[in-house]
Amino acid sequence: MTWQVAIDSHHCMASGVCAGTAPDLFALDGTHARPVNADIAPDERALDAADVCPAMAITIHDGTEVIGPRP
């Protein structure tokens, strides 16, 4: 099972919160954050990063179900 990580570059403001939360999952490329890998093994830190993103730019999918950010 893998999760898919996406960052909406139109909403991302490169705060670095995601990279600070999970530096092996997220990186800053100067103007935006990006997932290090789009497909990851399930990792609670990815959900945590999606939850705390100030721009709500991170989406985590498990197949077709959106699981992050959490309500």
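Reading the sequence shown from the start, the letters are residues 1 to 71 in the UniProt record's numbering.
Note that the Cβ used here is the ideal one computed from N, Cα and C, for glycine as well.
Computed from a predicted structure; not experimentally measured.
Helix, strand or coil at residue i according to DSSP, with G and I counted as helix
i	result
Arg45	helix
Thr2	coil
Val66	strand
Ala27	strand
residue 76	It is not possible to answer for residue 76, since the shown part of the chain is limited to 1 through 71.
Spatially closest choice to residue i from the options, by CA coordinates
i	options	result
Ala22	Ala57, Val66, Val36	Val36
Ile7	Cys53, Arg70, Pro71, Gly63	Cys53
Ala14	Ile67, Ile58, Thr31, Gly63	Thr31
Asp43	Ile60, Ala27, Leu28, Met56	Ile60
Ser9	Gly68, Asp29, Gly63	Asp29
Other residues of its chain near residue i: CB distance less than 7 Å, five sequence neighbours each side excluded
i	result
Arg70	Leu47, Asp51
Thr2	Asp39, Ile40, Ala41
Beta carbon of residue i nearer than 9 Å to that of residue j
i	j	result
Ala41	Ala19	no
residue 80	Cys12	One cannot answer for residue 80 here, as it falls past the ends of the chain, which runs 1 to 71.
Close beta carbons around residue i, own chain, < 8 Å, minus the five adjacent residues each side
i	result
Gly63	none
Val17	Ala49, Val52, Cys53, Pro54
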